[in-house]
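Since the structure comes first, as structure tokens, the remarks are kept for the end.
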Amino acid sequence: MNYKELIATALDNALEGQLKKETIIQTIEKPKSLALGDFAFPTFPLAKILRKAPQVIAQEIAAKISIKEFEEVQAVGPYVNFFLDKRSYSDTILHQILAERAAYGNQDLGQQGKVPIDMSSPNIAKPISMGHLRSTVIGNSIAKILAKTNYQPVKINHLGDWGTQFGKLIEAYKLWGSEEEVKADPINKLLEYYVRFHKEDVAHPELDDEARAWFKRLEDGDAEAITLWKWFRSESLKSFMRIYNKLGVEFDSFNGEAFYNDKMDEVVTLLEKKGLLQESRGAQIVDLSKYNLNPALIKKTDGATLYITRDLAAAIYRKRTYDFSQSLYVVGNEQTNHFKQLKAVLKELGEDWSDDIHHIPFGLITQGGKKLSTRAGRVILLDEVLDDAVALAKKQIEEKNPQLADKELVAKQVGVGAVIFHDLKNERMNNFDFDLEEVVRFEGETGPYVQYAHARAMSILRKAAKQDLNETKSAAYQLNDEDAWEVLRLLGSFSAIIKRAVTEYEPSVVAKYSLHLAKSFNKYYAHTKVLTSDDQLIARVALVKSVAVVLKESLRLLGVQAPVEM
1 MNYKELIATA LDNALEGQLK KETIIQTIEK PKSLALGDFA FPTFPLAKIL
51 RKAPQVIAQE IAAKISIKEF EEVQAVGPYV NFFLDKRSYS DTILHQILAE
101 RAAYGNQDLG QQGKVPIDMS SPNIAKPISM GHLRSTVIGN SIAKILAKTN
151 YQPVKINHLG DWGTQFGKLI EAYKLWGSEE EVKADPINKL LEYYVRFHKE
201 DVAHPELDDE ARAWFKRLED GDAEAITLWK WFRSESLKSF MRIYNKLGVE
251 FDSFNGEAFY NDKMDEVVTL LEKKGLLQES RGAQIVDLSK YNLNPALIKK
301 TDGATLYITR DLAAAIYRKR TYDFSQSLYV VGNEQTNHFK QLKAVLKELG
351 EDWSDDIHHI PFGLITQGGK KLSTRAGRVI LLDEVLDDAV ALAKKQIEEK
401 NPQLADKELV AKQVGVGAVI FHDLKNERMN NFDFDLEEVV RFEGETGPYV
451 QYAHARAMSI LRKAAKQDLN ETKSAAYQLN DEDAWEVLRL LGSFSAIIKR
501 AVTEYEPSVV AKYSLHLAKS FNKYYAHTKV LTSDDQLIAR VALVKSVAVV
551 LKESLRLLGV QAPVEM
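UniProt numbering puts the last residue of the sequence shown at 566; the count rises by one with no breaks.
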């Protein structure tokens, strides 16, 4: 039920057309305190129109309005405050959630529009580090939220699978490599060969010539070079998939940089035909000064194409393939200028759909307030962090619930979920500190805290099932106590939370909501004997079941599992 719409209709009738209904809907707000009602309408905009004090207008409006879904309409100063009828609201919301289950909160905002999401995108033959976590889990969560609002997300892992480094890697493998070693430990061995190449070429600069020759052979389609390149890519992908499986992340496409090798000449031709290419110091550029941007470098002096040329080819390919309603790039905020250039060049080509391309930037993961160490020290591997998180979760489970069945499975759900949740509870653009002990705690603003609230709800429901206390469609779920009311209001706001998250591309909205709901439910549980036999018993069980449904769905949208026992 759309309560804002109900209020707006009543206000529209009371005001007799003095304000447009759309304006009324936009003006209705939620008071900061429950004591001031559930919705409020400020009368300031009417003061000039009606030539009366806002306080007087509020009193006159309140006297004219009666809505059966609201137990009271009250003038407080310049505001008209609306108090929902708790019993009616409780009955409506709980019946809706229990009827719709996981579909509760679904909306048709996307109308089946396709949305490619460029995300994760590690480099072949290099490990997936903590630096890849954000793009991977933010992209995955946005995809789930888009699907809930009837978009069709297409998750694209735009692999770094091309470039001169492959000439170096082939040369290093030919000199020092072993097929058995690579098969046993692909990423570490390939990285080891690559690092050795850079050490050796200081004393042996001829290695660079050999590497260039190998890359030239690769570009020319030489059979041996192509076979080795495909094998490096395939073995690397096997390693990557192991980590993606731990995270529970799947992709629709692994078309990386190499996929666009035969599509870049068309981009250059299009730019030439439009007269957009200019020569600058032997290089080919597109002047973007009218957008207050630096020129886009399309071809280097040696004729080699660049990163932006490949991204232009990818953008055009994705539009032709998916005819997208939006196209998202979940890439760090240091790339903001690159995506401005990309959109500007497409705009110059007359491609107005470039307005539907959105860069989804994000901040850094830090430790002790400093950027995670890479060159200065050993790369922090995501795989190791996930394993450590699972071990920490298992230790806490052993202490809290040593009799728990499936300890290993639950530890994986909690440990991996904790890492994902910690990333997503932080607003996308914010940098945040990562301390594994804090991340995996069962108390505080953590994923395990939300998972534990869900497990608690499931425990109550198991006890209720033994008493045969299942809800029925005809039952009245009319709760009106204050602790239940806080939970009910949160349950009722889930659709608005989903809409905000999808509009802002902001999973943290869902994560913070789930924390708020878990906290309110824990407070309710502490103050209420849910299974006491009285006339509201079935309604309380319905509330607990609804909390379990919405917590599980909130966690799912974040890519986090919801254990039934912890």
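By construction, the Cβ of each residue, glycine as well, lies at the ideal position given by its N, Cα and C atoms.
If you look at H358, you'll find it in the beta strand (DSSP E) that goes 357 to 359. If you look at A8, you'll find it in the alpha helix (DSSP H) that goes 3 to 15.
In the three-state reduction of the DSSP assignment, E250 falls in the coil class, being assigned neither a helical nor a strand state.
Per DSSP, D118 is one residue of the beta strand (DSSP E) stretching across 114 to 118. Look at P153 here: in three-state DSSP terms it is strand. Fully enclosed alpha helix (DSSP H) runs of no fewer than 4 residues occupy 165 to 176, 179 to 184, 186 to 203, 206 to 219 of the stretch 144 to 224, in order along the chain. Residue range 264 to 273 is occupied by the alpha helix (DSSP H) that includes L270. In the three-state scheme derived from DSSP, where H, G and I count as helix and E and B as strand, T227 is classed as helix. Going by C-alpha positions, A10 is about 27 Å away from A476. Beta-bridge partners assigned by DSSP to F83: E72. For the pair of segments examined, the stretch 145 to 163 was found to touch the stretch 254 to 263: the number of CB pairs separated by less than 8 Å reaches three. At a Cβ-Cβ threshold of 9 Å, F39 and K4 count as neighbours. The three-state secondary structure of I128, taken from DSSP, is coil.
DSSP places Q413 inside the alpha helix (DSSP H), whose first and last residues are 407 to 425. Using a Cβ distance threshold of 9 Å, F494 and Y513 count as a contacting pair.
Short of 6 Å from the beta carbon of N140, and not among the five residues preceding or following it, lie these beta carbons of its own chain, in chain order: V249, G559. Residue burial annotation: F232 is buried, with at least 16 other C-beta atoms found within 10 angstroms of its C-beta.
Residue pairing for S508: DSSP places it in no beta bridge.
Per the Cβ contact rule, the stretch 140 to 149 is in contact with the stretch 105 to 123 (3 or more Cβ pairs under 8 Å). For F39, the enclosing beta strand (DSSP E) covers residues 39 to 42. For Y89, the secondary structure class from DSSP, reduced to helix, strand or coil, is helix. Per DSSP, the beta-bridge partners of T366 are K371, D433. For I67, no beta strand (DSSP E) segment is defined, and its DSSP state is neither H nor E.
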